[in-house]
Amino acid sequence: MEPVTLLLKLLDSDQREIFYRLCIDLIEVTRDASTEGAAVSSVIGRAWKWHYLLRGGRDGKLTVEGQKGLIGELLVLERVLLANIAPADAVQCWTGPVGAPKDFEIGKIGLESKARRGMSSQFVTINSEFQLDETSV
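Take 6 as the starting number for the sequence shown in my numbering and just add one per residue.
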């Protein structure tokens with residue numbers, strides 16, 4: 006199995022100091038991990054804590070749009086990925102919960118799902134240019 010690599014890229018040089026502290030904190034949280042999986046879990050957990058801190062709190066609730074997005078991702082997972090690849094591989098490809106640019110990454114293929122309900126708007130929201138970037142996987 007190939008080692009896991011986490012790449013963080015600073016997009017705004019004005020945020021260099023806080024970005025440095027974030028990186029150091031993510032490294033520190035892995036120091037006592039006994040396995041690669043434990044290290045990955047620790048980093049993900051700590052990254053969420055940073056997210057909640059910088060976002061301004063955690064109420065534990067998804068917005069209506071967030072709920073639609075999650076349901077859409079779960080449907081893609083069930084109807085597309087699980088129909089074509091092993092369950093463990095399908096779940097590992099699901100990157101939506103960790104905030105990756107694409108909801109699913111299968112090798113060099115990135116898949117972004119968009120969900121809407123019934124007769125709702127024919128438009129969807131693109132959250133960042135990376136969702137459309139074919140080179141970001």
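Glycine included, C-beta positions come from ideal geometry on N, C-alpha and C.
All figures in this text were calculated on a predicted structure; none of them were measured in a lab.
> So does the stretch 15-29 actually touch the stretch 69-80, counting three or more Cβ pairs closer than 8 Å?
Replying inline: no
> Which same chain residues, not among the five before or five after T100, have their C-beta less than 7 Å away from its C-beta?
Replying inline: K107, D108, F109, E110
> Taking contact to mean at least 3 C-beta pairs separated by less than 8 Å, is the stretch 50-58 in contact with the stretch 81-101?
Replying inline: no
>> Can you tell me whether K104 is helix, strand or coil according to DSSP?
In response: With the sequence shown as reference, residue 104 is identified as Gly, and Lys is not the correct amino acid for it. Coil.
> Which same chain residues, not among the five before or five after L13, have their C-beta less than 8 Å away from its C-beta?
Replying inline: Taking L13 as the centre and dropping the five residues before and after it, the same chain places the C-beta of F24, L27, C28, L31 closer than 8 Å to its C-beta, in chain order.
>> In this structure, how does DSSP classify L31 when only helix, strand and coil are distinguished?
In response: helix
>> Determine whether the beta carbon atoms of T35 and S46 lie at a separation below 7 Å.
In response: no
> Could you give the distance in angstroms between the alpha-carbon of A95 and the alpha-carbon of G112?
Replying inline: 12 Å
> Does DSSP put L49 in a helix, in a strand, or in coil?
Replying inline: Note on residue identity: the sequence assigns Ile, not Leu, to residue 49. I49: helix per DSSP, three-state reduction.
> Who does L79 pair with in a DSSP beta bridge?
Replying inline: Answer is none; L79 lacks a bridge partner.
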